[in-house]
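Student: Heads up: the sequence lines are chains A and B, in that order. Going by our numbering, 217 is the number at position 233 of the first sequence; the sequence numbering is gapless. Going by our numbering, 66 is the number at position 82 of the second sequence; the sequence numbering is gapless. Even glycine gets a Cβ: it sits at the ideal position worked out from N, Cα and C.
There are 2 protein chains.
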Amino acid sequence: MTTSTAIRGLWCATLTPLSNDGGVDHARFAAHVHDLFAQGVDGVALFGTTGEGQSFSLEERRGGLDALLAAGIPPARIIVATGCAALPETVVLSRHAVASGCATCLVLPPFFWKGVSDDGLFAWYARVIEGVADPRLRMVLYHIPPVSAVALSVDLVARLAAAFPAIVVGIKDSEGNWAHTAALLERVPQLAVMVGHEPHVPRLLRAGGTGTICGVANIYPALVRALMSPDVTQEDEARLATFIEIAFRQPFLAGFKSMVADRTRDPGWLAVRPPLVPLSEPARRALRTALADAGLPPLAASQER
Amino acid sequence: MTTSTAIRGLWCATLTPLSNDGGVDHARFAAHVHDLFAQGVDGVALFGTTGEGQSFSLEERRGGLDALLAAGIPPARIIVATGCAALPETVVLSRHAVASGCATCLVLPPFFWKGVSDDGLFAWYARVIEGVADPRLRMVLYHIPPVSAVALSVDLVARLAAAFPAIVVGIKDSEGNWAHTAALLERVPQLAVMVGHEPHVPRLLRAGGTGTICGVANIYPALVRALMSPDVTQEDEARLATFIEIAFRQPFLAGFKSMVADRTRDPGWLAVRPPLVPLSEPARRALRTALADAGLPPLAASQER
Chain A
-15 MTTSTAIRGL WCATLTPLSN DGGVDHARFA AHVHDLFAQG VDGVALFGTT GEGQSFSLEE
45 RRGGLDALLA AGIPPARIIV ATGCAALPET VVLSRHAVAS GCATCLVLPP FFWKGVSDDG
105 LFAWYARVIE GVADPRLRMV LYHIPPVSAV ALSVDLVARL AAAFPAIVVG IKDSEGNWAH
165 TAALLERVPQ LAVMVGHEPH VPRLLRAGGT GTICGVANIY PALVRALMSP DVTQEDEARL
225 ATFIEIAFRQ PFLAGFKSMV ADRTRDPGWL AVRPPLVPLS EPARRALRTA LADAGLPPLA
285 ASQER
Chain B
-15 MTTSTAIRGL WCATLTPLSN DGGVDHARFA AHVHDLFAQG VDGVALFGTT GEGQSFSLEE
45 RRGGLDALLA AGIPPARIIV ATGCAALPET VVLSRHAVAS GCATCLVLPP FFWKGVSDDG
105 LFAWYARVIE GVADPRLRMV LYHIPPVSAV ALSVDLVARL AAAFPAIVVG IKDSEGNWAH
165 TAALLERVPQ LAVMVGHEPH VPRLLRAGGT GTICGVANIY PALVRALMSP DVTQEDEARL
225 ATFIEIAFRQ PFLAGFKSMV ADRTRDPGWL AVRPPLVPLS EPARRALRTA LADAGLPPLA
285 ASQER
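1. For glutamate 44/B, go through chain A and note every residue whose CB falls closer than 9 Å to its CB, in chain order.
2. To the nearest angstrom, how far is it from the Cα of histidine 18/A to the Cα of leucine 49/B?
3. What do you reckon, are the CB atoms on alanine 29/B and alanine -3/B nearer than 7 Å?
4. Check whether the Cβ of alanine 270/A lies closer than 7 Å to any Cβ atom in chain B.
5. Quick one: what does DSSP say lysine 156/A is sitting in, helix, strand or coil?
6. Within 7 Å (strictly less), CB to CB, does leucine 136/B reach chain A?
7. Here's the rule: buried if 16 or more other CB atoms are within 10 angstroms of the residue's CB, otherwise exposed. What is alanine 87/A?
8. How long is the line joining the alpha carbons of leucine 280/B and alanine 274/B, rounded to whole angstroms?
9. Here's the rule I'm using: 16 or more other beta-carbon atoms within 10 Å means buried, otherwise exposed. How should proline 258/B be labelled?
10. So, helix, strand or coil for isoleucine 113/B, using DSSP?
11. Could you name the residues of the same chain whose beta carbon sits closer than 8 Å to that of alanine 83/B, not counting the 5 residues immediately before and after it, in chain order?
12. Roughly how far, in whole angstroms, is the beta-carbon of leucine 140/B from the beta-carbon of phenylalanine 106/B, given that I think they are within contact range, below 8 Å?
13. To the nearest angstrom, report how far apart glutamate 73/A and arginine 111/A are at their CA atoms.
14. Kindly list the residues whose CB is nearer than 6 Å to the CB of proline 262/B, restricted to its own chain and excluding five residues on each side of it in sequence; keep chain order.
15. So with CB distances below 9 Å, who are the chain A contacts of valine 100/B?
16. Check whether the region 142 to 158 of chain B and the region 119 to 134 of chain B touch, using three or more Cβ-Cβ pairs below 8 Å as the test.
17. At a CB-CB cut-off below 8 Å, which residues of chain A make contact with glutamine 174/B?
18. In terms of alpha-carbon separation, which member of Gly7/A, Ser3/A, Val25/A lies closest to histidine -5/A?
19. Output the distance between the C-alpha atoms of leucine 71/A and aspartate 215/B, rounded to the nearest integer angstrom.
20. Am I right that isoleucine 230/B and proline 183/B are in contact with their C-beta atoms under 8 Å? What's the rounded C-beta distance?
21. If we call anything under 7 Å between Cβ atoms a contact, is valine 179/A one with threonine 196/A?
22. In its own chain, which residues sit with a C-beta less than 6 Å from the C-beta of glycine 115/B, not counting the 5 before and 5 after it?
23. How big is the Cα-Cα spacing for asparagine 202/A and leucine -1/A?
24. If you draw a straight line from the C-alpha of glycine 104/A to the C-alpha of glutamate 170/A, how long is it?
25. Does the distance between the C-beta of valine 216/B and the nearest non-hydrogen atom of the ligand GDP fall short of 6 Å?
26. When the Cα of glutamine 38/A is compared with those of Ala69/B, Ser264/B, Gln234/B, which residue comes out closest?
27. Would you mind listing the beta strand (DSSP E) stretches within the region 195 to 269 of chain B that are 3+ residues and don't spill past its ends, in chain order?
28. Using a C-beta cutoff of 7 Å, does aspartate 103/A count as contacting chain E?
29. Which of the three DSSP states, helix, strand or coil, is assigned to tryptophan 108/B?
30. Is any beta-carbon of chain A found at less than 7 Å from that of proline 58/B?
31. Kindly list the residues whose CB is nearer than 6 Å to the CB of alanine 60/A, restricted to its own chain and excluding five residues on each side of it in sequence; keep chain order.
32. I'd like the span of the beta strand (DSSP E) that includes tryptophan -5/A, first residue to last.
33. What are the uninterrupted segments assigned as beta strand (DSSP E) that are 3 or more residues long and contained completely in the region -13 to 53 of chain B, given in chain order?
34. I want to see whether chain A comes within less than 7 Å of serine 264/B, judged by CB atoms only; does it?
35. Tell me, please, whether the CB atom of aspartate 246/B is closer than 7 Å to any CB atom in chain A?
36. Given that glutamine 38/A touches chain B, what residues does it touch there, using C-beta distances under 8 Å?
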């Protein structure tokens, strides 16, 4: 296995904070990433699902990356989710990420079309790679059918890995279906297999996977880090399972933002871009109470850590 | 009912021809639209589902409209599908269509996010309207859950129609579910209700709907026009049903392009953009044979009509 360190370990699928005018808040964004690094995450993935990536324009996505780089975040610790519904725009964002020196591009399949063939998806990814036309491109395929409604079959992944061995270096499997993850580990062992579903992390690492790109790391990186230890305990796993159960009682993304707003004491973090809606005050209180009742670590203000 | 003529009648959801380099072929595009007008369609809808709209960049979508206008197509006979996954890009395309004098904008809901609330979708559409900030904007909502995987509930449509009575003027219902169409006609009679599913056209017109924006009009406008007559016969309806049954034996969009390639004797029409794939030669032959066996009108070359 020649997996680079770039796609190994604990990567946070970062939330994207908004400013009062509804755009990406660059200062909050950089502060959040610095805070995640201070808490020990290995890197961040920008503008994925948890980052509301598909709700932002190309310009906003490029601008968000540029702002983090300007704030001193090393590009080698940044994965950029560059997939768009349209092929040419996926090329534009991927070229920008590569030119910026970022670790890899995380690429969704084109998600408007449903029920398309593996041949069509293969051609789409091949055209993206040809369009970027840069040998520095490293691509992580992004499998998240519960949201995208377009799955990447194991056959397709194997075909892409074989056709572009220097470029297609990994897959983020966010289906939460262990059978699919296991099939990937078996069939394409040369790829870095990362999961999005945190409870699968211990099993993944034992089976040869390389880590996680996940949303829970926005809130409790230490909880996820514990799962990555060879000494992970049943208690660690139970704590994470409890957190996830609570986090999915409401729309998870608005819930995550509410938790960061609490931790940072910054209500600006509550904003989500439509069609998502922020949590109501009663929902926020219920969430806080549930976390406290479950004995999860308090969401201390950042500066108090 | 004060529905303008702009959203009434037979509108063709036009296919988008590609050039050798994979971009939108402006000359073929304009020729196709002129041909449709010569065959009696009232107007065209650009870059919807049948137009592979989500496969093109903003620039390509704006460029395609500009090219048709430059070729003398009257903007009042053009509906532009301006919906994008991202809100700011939907605003950009809608502003361009409005500034160009086009009849209306046809707007998909944001289709990456699944299971979102009516509140969230309402906020999204409201932000699009506020973002366009032009009283000339006329919007037709685009309900096509079999592809978008995001439905527009009758409640949401009624709420948008009530909140923006001068702007939200219609809905294209492409679900193919008569119960939903009937509920729209009952609940929001002030809207122009158009269907995408051609077999519903006679029933729709009898029930107060205003027409169709449909893909079959790329191939057989006269077949659809016959359905719009008060004297529509069972034979007319049977012919359309037969055509649709045959057209959906293969991916319909590649099949439609194959039929236009036959009619125009221009194999350049076969190209689709990935992740769609063109029909194979055997599939094209089977399609031709099926149409001939069904006694459907021959696909004569345009210049022979």
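Tutor: Concretely, from the data shown:
1. Here residue 44/B is taken as the residue at index 60 of the second sequence, counted from 1. Going along chain A in sequence order, the residues near glutamate 44/B (Cβ under 9 Å) are Ala70, Pro72.
2. Looking up residue 18/A in the first sequence gives position 34. Looking up residue 49/B in the second sequence gives position 65. Distance between the alpha carbons of histidine 18/A and leucine 49/B: 44 Å.
3. Your numbering for residue 29/B matches position 45 in the second sequence. Your numbering for residue -3/B matches position 13 in the second sequence. Note that the C-beta distance between alanine 29/B and alanine -3/B is below 7 Å.
4. Indexing the first sequence from 1 puts residue 270/A at position 286. So no, alanine 270/A is outside the interface.
5. Walking along the first sequence from the start, residue 156/A turns up at place 172. Three-state result, lysine 156/A: strand.
6. Translated into positions along the second sequence, residue 136/B becomes position 152. For leucine 136/B, the answer is no, since every Cβ of chain A falls outside 7 Å of its Cβ.
7. Along the first sequence, read from residue 1 onward, the residue named residue 87/A stands at position 103. Classification of alanine 87/A: buried, given that the 10 Å Cβ count is 16 or more.
8. The residue given as residue 280/B occupies position 296 in the second sequence. The residue given as residue 274/B occupies position 290 in the second sequence. Roughly 9 Å separates the two Cα atoms.
9. Taking the first residue of the second sequence as position 1, residue 258/B is located at position 274. Result: buried.
10. The count along the second sequence starts at 1 and reaches residue 113/B at position 129. Correct three-state label for isoleucine 113/B: helix.
11. Residue numbering aside, residue 83/B sits at position 99 when the second sequence is read from its first letter. Around alanine 83/B: Asp118.
12. By 1-based counting over the second sequence, the position of residue 140/B is 156. By 1-based counting over the second sequence, the position of residue 106/B is 122. Confirmed, about 6 Å.
13. By 1-based counting over the first sequence, the position of residue 73/A is 89. By 1-based counting over the first sequence, the position of residue 111/A is 127. Their Cα atoms are separated by approximately 12 Å.
14. To locate residue 262/B, count along the second sequence from 1; it is residue 278. Within the same chain, proline 262/B has close Cβ partners Ala238, Leu254, Val256.
15. If you number the second sequence from 1, residue 100/B lands on position 116. Chain A residues near valine 100/B: Pro235, Pro258, Pro259, Leu260, Val261.
16. yes
17. Counting from one through the second sequence, the residue named residue 174/B turns up at place 190. Chain A residues near glutamine 174/B: none, gap ~24 Å exceeds 8 Å.
18. Residue mapping note: residue -5/A aligns to position 11 of the first sequence, counting from 1. Reading off the sequence, residue -5/A comes out as tryptophan, not histidine. The option with the nearest alpha carbon to tryptophan -5/A is Val25/A.
19. For the purposes of this step, residue 71/A is taken as residue 87 along the first sequence, with counting starting at 1. For the purposes of this step, residue 215/B is taken as residue 231 along the second sequence, with counting starting at 1. So the alpha carbons of these two residues sit roughly 46 Å apart.
20. Counted from its first residue, the second sequence places residue 230/B at position 246. Counted from its first residue, the second sequence places residue 183/B at position 199. That pair is no contact at about 14 Å.
21. Translated into positions along the first sequence, residue 179/A becomes position 195. Translated into positions along the first sequence, residue 196/A becomes position 212. Yes; because the gap between Cβ atoms is below 7 Å, this pair is in contact.
22. As a working mapping, residue 115/B is identified with position 131 in the second sequence. Only Val75 meet the Cβ criterion.
23. Indexing the first sequence from 1 puts residue 202/A at position 218. Indexing the first sequence from 1 puts residue -1/A at position 15. Rounded to the nearest angstrom, the two C-alpha atoms are 7 Å apart.
24. Translated into the one-based positions of the first sequence, residue 104/A becomes position 120. Translated into the one-based positions of the first sequence, residue 170/A becomes position 186. If you take the alpha carbons of glycine 104/A and glutamate 170/A, they lie about 24 Å apart.
25. The model depicted lacks the ligand GDP and carries no ligand whatsoever.
26. On the first sequence, position 54 is the one that residue 38/A refers to. When each option's Cα is compared against that of glutamine 38/A, the closest is Ala69/B.
27. Whole beta strand (DSSP E) segments, 3+ residues: 195 to 198.
28. Absent from the structure: chain E. Protein chains present are A and B.
29. Here the question's residue 108/B lines up with position 124 in the second sequence. Tryptophan 108/B falls in the helix class under three-state DSSP.
30. To locate residue 58/B, count along the second sequence from 1; it is residue 74. No, its Cβ sits nowhere closer than 7 Å to a Cβ of chain A.
31. As a working note, residue 60/A is residue 76 in the first sequence. Closer than 6 Å at Cβ, skipping near neighbours: Ala87.
32. Position 11 of the first sequence holds residue -5/A. Judged by DSSP secondary structure, tryptophan -5/A falls within the beta strand (DSSP E) whose first and last residues are -7 to -3.
33. -7 to -3, 27 to 30
34. Taking the second sequence and counting its residues from 1, the one referred to as residue 264/B is at position 280. For serine 264/B, the answer is no, since every Cβ of chain A falls outside 7 Å of its Cβ.
35. For this step, residue 246/B is matched to residue 262 along the second sequence. For aspartate 246/B, the answer is no, since every Cβ of chain A falls outside 7 Å of its Cβ.
36. By 1-based counting over the first sequence, the position of residue 38/A is 54. Under the 8 Å cutoff, chain B gives Ala69, Ala70, Pro94, Phe96, Trp97.
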